[in-house]
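Q:
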Amino acid sequence: MKPTHIEHIGIAVKSLDEAVPFYEKVFGLECYAVEEVAEQKVKTAFFMVGQTKIELLESTDPAGPVGKFIEKKGEGVHHVAFAVENLADKLVSIQDAGVAVIDKTPRKGAEGLNIGFLHPKSTFGVLTELCEDPSK
Numbered sequence: 226m227k228p229t230h231i232e233h234i235g236i237a238v239k240s241l242d243e244a245v246p247f248y249e250k251v252f253g254l255e256c257y258a259v260e261e262v263a264e265q266k267v268k269t270a271f272f273m274v275g276q277t278k279i280e281l282l283e284s285t286d287p288a289g290p291v292g293k294f295i296e297k298k299g300e301g302v303h304h305v306a307f308a309v310e311n312l313a314d315k316l317v318s319i320q321d322a323g324v325a326v327i328d329k330t331p332r333k334g335a336e337g338l339n340i341g342f343l344h345p346k347s348t349f350g351v352l353t354e355l356c357e358d359p360s361k
């Protein structure tokens, strides 16, 4: 597998209302989209930095994945996402290679992307997301 680029870096925050203005004022970035992904119990805000996005993640439910992450580890880098082609095939080959996955098959993520997460115990402690744009 060879990713085409880093799709985004996910950062868990307690409040988008506090974090978005920080990224806009301090870094001069523009938040171009805010979206709730009910299935993942998260609200997201996106910024572009070159070809890479920063995705801020606010939990909409303390029992959701981001809520649990913040409770355990606090705010901070949550995951790194790589853009790939043929995501379903990549997830199969990764599993065949013995890598633990959270998603055995692709599911829908923010911005209409198909996504699949690799378990951090197989990726040196980094929650890793693979993303595919179904429109390409």
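My numbering puts the first residue of the sequence shown at 226, with every later residue one more than the last.
Yeah, the Cβ is synthetic: ideal placement off N, Cα and C, and Gly gets one too.
#1: Taking contact to mean 3 or more Cβ pairs, one atom from each stretch, closer than 8 angstroms, check whether the segment 287-297 and the segment 305-318 are in contact.
#2: Rounded to whole angstroms, what is the Cα-Cα separation between G253 and F272?
#3: Opposite N339 in the DSSP bridges: which residues?
#4: Between which residues of its own chain and E296 is the CB-CB distance below 8 angstroms, once the five residues before and five after are set aside?
#5: Rounded C-beta distance between T353 and L343? I'm assuming under 8 angstroms.
#6: Could you pull out every residue in the same chain whose Cβ sits closer than 8 angstroms to the Cβ of I234, ignoring the five residues on either side in sequence?
#7: Between A308 and C356, is the Cβ-Cβ spacing less than 9 angstroms?
#8: Taking a contact to mean a Cβ-Cβ separation below 9 angstroms, would you say V291 touches L282 in this structure?
#9: CB-CB under 8 angstroms to A325, same chain, minus the five flanking residues each way: which ones, in chain order?
#10: Checking 9 angstroms against the spacing of the C-beta atoms, do D358 and L338 come in under that value?
#11: From which residue to which residue does the beta strand (DSSP E) around K268 run?
#12: Looking at the secondary structure, which residues open and close the beta strand (DSSP E) in which L282 lies?
#13: What separation, rounded to the nearest whole angstrom, lies between the Cα atoms of D328 and A237?
A: Looking at the coordinates:
#1: no
#2: 10 angstroms
#3: K333, E357
#4: P287
#5: 4 angstroms
#6: T277, K278, I279, E280, V302, H304, V305, A306
#7: yes
#8: yes
#9: L343, H344, K346, S347
#10: yes
#11: 267-274
#12: 277-284
#13: 20 angstroms
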